[in-house]
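Residue numbers (my numbering): 9 to 1260. Written below as structure tokens is the structure these notes are about.
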């Protein structure tokens, strides 16, 4: 509430009356609170506004203009009411209703105060209990709001609809559904009936206007109904559904689309929530929708109509699968008929509906199709045949991506087992010929939709498995297959890496020998210098082993497939093949995780037991885990050796696998592995040059930590808490030592004296590596929680280290130091005793102090007296974090003392201290109460202004941002008055002007452009960081650095459908009936292999200018199509050139006689050049102007080529005379002094009499 009110207060000086009136009213209320020393609570504002509103009504100040009091009172009431406690509203309900309910008729003509009234009633309705909802005045007000849901004004209509939705969404506490839900349903039903029945007769008699009005009302009603429907009673849905089906008859495309969309939402909600609200009506809805199909050319209604059919069928299947099966074939054929349209959204809607209908295929439909022959008449066989023919049909060429998506859904939803005891699926029995055909299309060179085909094949791989799929679609990758002319299908290999039902034994028997043969081919090609071929075989081997993880998802034949020989092969790959190590590790990890997941599913009655998603039962998964437990010890040896052989950057995946297998191992296996690792760890510590080995063994210990028993944990804790580990010269060993200690404490298995541990860590702090500081801080934070309340004297000794840690270069170390500071503050705030006599540097007879957050702040603030600026700056930063973290716990006196103390540091000359202090000031202005900070403005503002011109360390920008926050919190007047000097106040004036300028600039910008260009700063997730660094200044830096103008992005071209073309395949004859999908292209390539035979062309593409478009002006021969150019006819260019030549020829003689550059011949033949007189020049200029009017640019260039020098006294020359004109005649001497005239010398000197 305070944030909302803070936005209103500055508008007391606004020029807009509707902004100024609420601000003045708010200022008057708050001044009253201040006089009476009352708290500014929501209840206080609410009571004061109710009193003010009562007084205005009694004085009959009922005018509703922009600057009047009544709209301002309603506006503030609407703003405050959501924050008022519900009991207060319930107590004052009668007063509220008596004051506001009679205002509804008067407010109808004034939208802004009406919206405020509606917002107020939203808070009132949500605060009432069940008994108060039955009050007549409340019910009448709700009825008025319901009528406003159809108001022609969009903002009023939306506000009323939001109120109804919010009221129904939050019923009174004992009730599940709101008491007004039935009333809303009845009103919506009646309104829908009126809209549907009243439009047709009006359209006949009254013309187009009434029809449009009725349709608009129905559209508004549907927009209101969509979010409200889930909250209506179930028995009220059927009549609304029936009425919705009548709306498309009004003939409004948008109305029909909205009605169908709401029906789709109804059916979707009934399937997701499990309610039977619309289930009973599905057969009637299906018949009604099927009886009113839109035209296939109706691109606006068709998509919504098609989606209704799909959603209705799926809801019907959930409610009654057998009854849905009887309608399946009919609805499928109806939806399928729209597949041939050229409208892309319609085709996508068809694909979505058909994909949804594939989920409606029941086991009885599948059994009928399997028992029937391939050429039988069962519905499913007919659908498969229909899809197969569509792949080769020219009519479905543009719908190929959508058609493939339907096939993918069909393959996925037919993945049910025909018999529970067998692994054969319906996909394998029915769809393999279709999948094989898609694979053949995929390898054809001209096929464009390879991604969609890959999706179908990938789905088939997941459903039936590689064993079945590769038997129908072989890979053809080996040299013998290539020699036989078979097309390779390497694109199937990446699809192996997904869970599928094939046995692990298939990989062992099929892919392992294949990978060995390919590896031999790679070695042979490498030895013979064929590097490209060797790389191909290497990639194929890697892709084969990438699919190993797909076979490891709960294989049923694990015991027989994972033989010692195969396990030895996997071990050799882990040791010797770094490229194959990741896929093998992923497979071994998937073996454990997949079996664990299935074994944990104790509920064997799953949704569809016949699905092939889980090929084994939980009992079989448990048996697999028991078998894997017997091999843990041998695999541990392999994993540990591999972990030690790889470098540090590649140990992550091996460590993950070790952790997964350790979770399966028995305790004795873990203990045995732990002893081996610890022994190696101790041996490496004794050898001074084995830092890498020591770090490797520490990493292994970290992986085994969660599975150790208490005895081993205690021994490991004492081993790591030693000088050999924490004082090791290798940074990594130190870091891992602290990490092991922290993880042992975090697991809670260590029981020891925290004070002794602190003492040991204090002794081992000498020689601490910077890389280990983060983990040391984490360890200290965990140890602080274990310190007894009577031994808090240990905290003062940790404060200097933690405070200095906030200045570490590493961000993670700084964060850990802050967490340590906060952890110590939380420990102190819990209470206890600080024995000052045991604190280092204190007197032995010092008194004991009670632990509190104030005492802790006093301890930390001692660092402000540090000897170095670095320590002072770190202390200021630490204090800032504590002030933010414990702002509710620290008392006002302590906050004031901290603020006044740190305010002194703004006068420091050290920039490091200033930087930290500015951060605290920014935090304080954001966090601390206004009443506490206001008395210190006179000291704070001048101190900040002293740094407002310093550009180093961005001080100027930081200070300006602080002032912006201060102006928002304290107001412009208070901050400006505290500035003092005129020069200092200019900075604030500049900030205010820049802010207003930025506000005007934002107001001028378009909303859409603003959304595209402005990017909000992403929050870091740390509230302290967001406050200190997250928000930037609102103002630009135009006066400092002019930003480079960004090139504006041109308008994005919308995807224009370019149509389908036929591709010419060299000189082969084209068959338009078979395999047409591979001979089609949807692009606009200009290659020579594309024939310009268009099936359709977009009109927008025709409107664009194309190369050679000017050739269309010429005549063409009707027989041959050649351009005919008549030589007798003259072109425009020839006509214009002949005309120009004629002009030149006609004026040449005159030009030579009269122009400045012309000449004449005397009687004796001597040439006499023309004199350069003013008259001749003027005539030439006039002629030039006449000639050059055809080319304005040339005229301007020619005339402005030589600027004329201004004459003496030209500023006094009259516009319409040759000299100075007076009433009595010309006075040539009026404005020229004798001295000016006398200065003119030379041949053309002007005399005093004005003569030469």
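Ideal placement from N, C-alpha and C gives every residue a C-beta, glycine not left out.
Chain-order list of residues whose beta-carbon lies under 8 Å from that of residue i (same chain, five-residue window excluded)
| i | result |
| --- | --- |
| residue 260 | 223, 226, 227 |
| residue 633 | 600, 603, 604, 607, 672 |
| residue 703 | 656, 738, 740, 741, 744 |
| residue 125 | 82, 86, 108, 111, 112, 115 |
Residue i - DSSP class collapsed to helix/strand/coil
| i | result |
| --- | --- |
| residue 673 | coil |
| residue 1175 | strand |
| residue 349 | coil |
| residue 425 | strand |
| residue 190 | helix |
| residue 843 | strand |
| residue 1169 | strand |
| residue 858 | strand |
| residue 250 | helix |
| residue 433 | strand |
| residue 775 | coil |
| residue 916 | coil |
| residue 706 | helix |
| residue 4 | Lying before the first or after the last residue shown, residue 4 is absent from the chain, which here runs from 9 to 1260. |
C-beta contact flag for residue i and residue j at 9 Å
| i | j | result |
| --- | --- | --- |
| residue 786 | residue 747 | yes |
| residue 825 | residue 844 | no |
| residue 518 | residue 478 | yes |
| residue 829 | residue 862 | no |
| residue 508 | residue 464 | no |
| residue 952 | residue 970 | yes |
| residue 924 | residue 891 | no |
| residue 399 | residue 356 | no |
| residue 438 | residue 378 | yes |
| residue 255 | residue 269 | no |
| residue 322 | residue 364 | yes |
| residue 420 | residue 366 | yes |
Cutoff 6 Å; reference residue i; Cβ partners in own chain excluding five residues on either side
| i | result |
| --- | --- |
| residue 533 | 541, 542 |
| residue 616 | With a pLDDT of 41 at residue 616, under the threshold of 50, the predicted position of this residue should be treated as unreliable, though the coordinate-derived value follows. Within the same chain, residue 616 has no close Cβ partners at all. |
| residue 569 | 512, 513, 516 |
| residue 729 | 768 |
| residue 847 | 801, 804 |
| residue 134 | 178 |
Rounded C-alpha distance that separates residue i from residue j
| i | j | result |
| --- | --- | --- |
| residue 143 | residue 244 | 24 Å |
| residue 741 | residue 735 | 9 Å |
| residue 590 | residue 450 | 30 Å |
| residue 174 | residue 130 | 8 Å |
| residue 231 | residue 929 | 50 Å |
| residue 914 | residue 947 | 10 Å |
| residue 360 | residue 343 | 10 Å |
| residue 680 | residue 727 | 18 Å |
| residue 790 | residue 752 | 10 Å |
| residue 1178 | residue 1168 | 7 Å |
| residue 368 | residue 332 | 7 Å |
| residue 300 | residue 257 | 9 Å |
Proximal residues to residue i (C-beta, below 7 Å), its chain only, five neighbours per side dropped
| i | result |
| --- | --- |
| residue 995 | 953, 956 |
| residue 806 | 788, 832 |
| residue 387 | 336, 337, 373 |
Closer than 9 Å to chain C by CB, residue i
| i | result |
| --- | --- |
| residue 237 | Absent from the structure: chain C. Only one protein chain is present. |
- Query: Is there contact here, the stretch 162 to 182 with the stretch 194 to 201, by at least three beta-carbon pairs under 8 Å?
  - Reply: Between the stretch 162 to 182 and the stretch 194 to 201 there are fewer than three inter-stretch CB-CB distances shorter than 8 Å, so the stretches are not counted as touching.
- Between the stretch 555 to 568 and the stretch 497 to 512, do three or more beta carbon pairs fall short of 8 Å? Yes, since at least three Cβ pairs between the stretch 555 to 568 and the stretch 497 to 512 fall closer than 8 Å, the two stretches touch.
- Within the chosen definition, does the stretch 99 to 114 reach the stretch 32 to 47 through at least 3 CB pairs nearer than 8 Å? With a cut-off of 8 Å, the stretch 32 to 47 and the stretch 99 to 114 do not count as touching, because too few Cβ pairs lie within range.
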